[in-house]
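Worksheet for the structure shown next.
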Amino acid sequence: MAAHTGGDLSVEQVTTIVIFGHANPSPSHALFFSPLVYFLRNELAHNVSVLYVNGNAHVWSYDFPFLGQTQLMRMQLTGGTSEPPLQIIVAPAEDIADYDIESVFLYDRHL
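In the working numbering, the protein residues as written are 5 to 115.
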């Protein structure tokens, strides 16, 4: 599936979502993360792979599953200029024969 360029989409048409943010989950960020977990669990019913990319702690972290959700992966970036850019490749789920979330979100930290 190509990147969406406008118009309405149904949940059935979405296979992957990438969210870029700064915040690390904490009680002070519950207004964002609690509804996100609810949406993943109840609206998407674990049928859509989601990657959350953030840089809050400035240390590399690869977390899967994340927030107890089997379809949610997190990559936390180191940040600054001490490391090369992170390349993330998103492979649509329909292109993967034996689908699993770790095959959908591929990355290269050593460009």
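We treat Cβ as the ideally placed atom computed from N, Cα and C, and that holds for glycine.
Please name the residue in Gln73, Leu90, Gln75 whose C-alpha comes closest to that of leucine 81. Leu90
In terms of DSSP beta bridges, what is phenylalanine 109 paired with? Val94
Selected residue, minimal CA-CA separation from arginine 78, among Ile23, Ile93, Arg45: Ile23
Rounded separation between alanine 49 and serine 86 - CA only: 39 Å
Classify phenylalanine 37 as helix, strand or coil using the three-state DSSP reduction. helix
Once DSSP output is grouped into helix, strand and coil, what is the label at glycine 84? coil
Please name the residue in Phe36, Phe109, Val108 whose C-alpha comes closest to that of leucine 71. Phe36
Please indicate yes or no: does the CB of glutamate 47 lie closer than 8 Å to some heavy atom of the ligand PLP? This structure lacks the ligand PLP; in fact it carries no ligand of any kind.
Neighbourhood of tyrosine 66 by C-beta, 7 Å cutoff - its chain only, sequence neighbours within 5 removed: Met79
Could you say which of Val15, Asp104, Leu76, Ile92 lies nearest to arginine 113 if we only look at CA atoms? Ile92
If you measure between the beta carbons of leucine 55 and valine 94, is that distance less than 9 Å? yes
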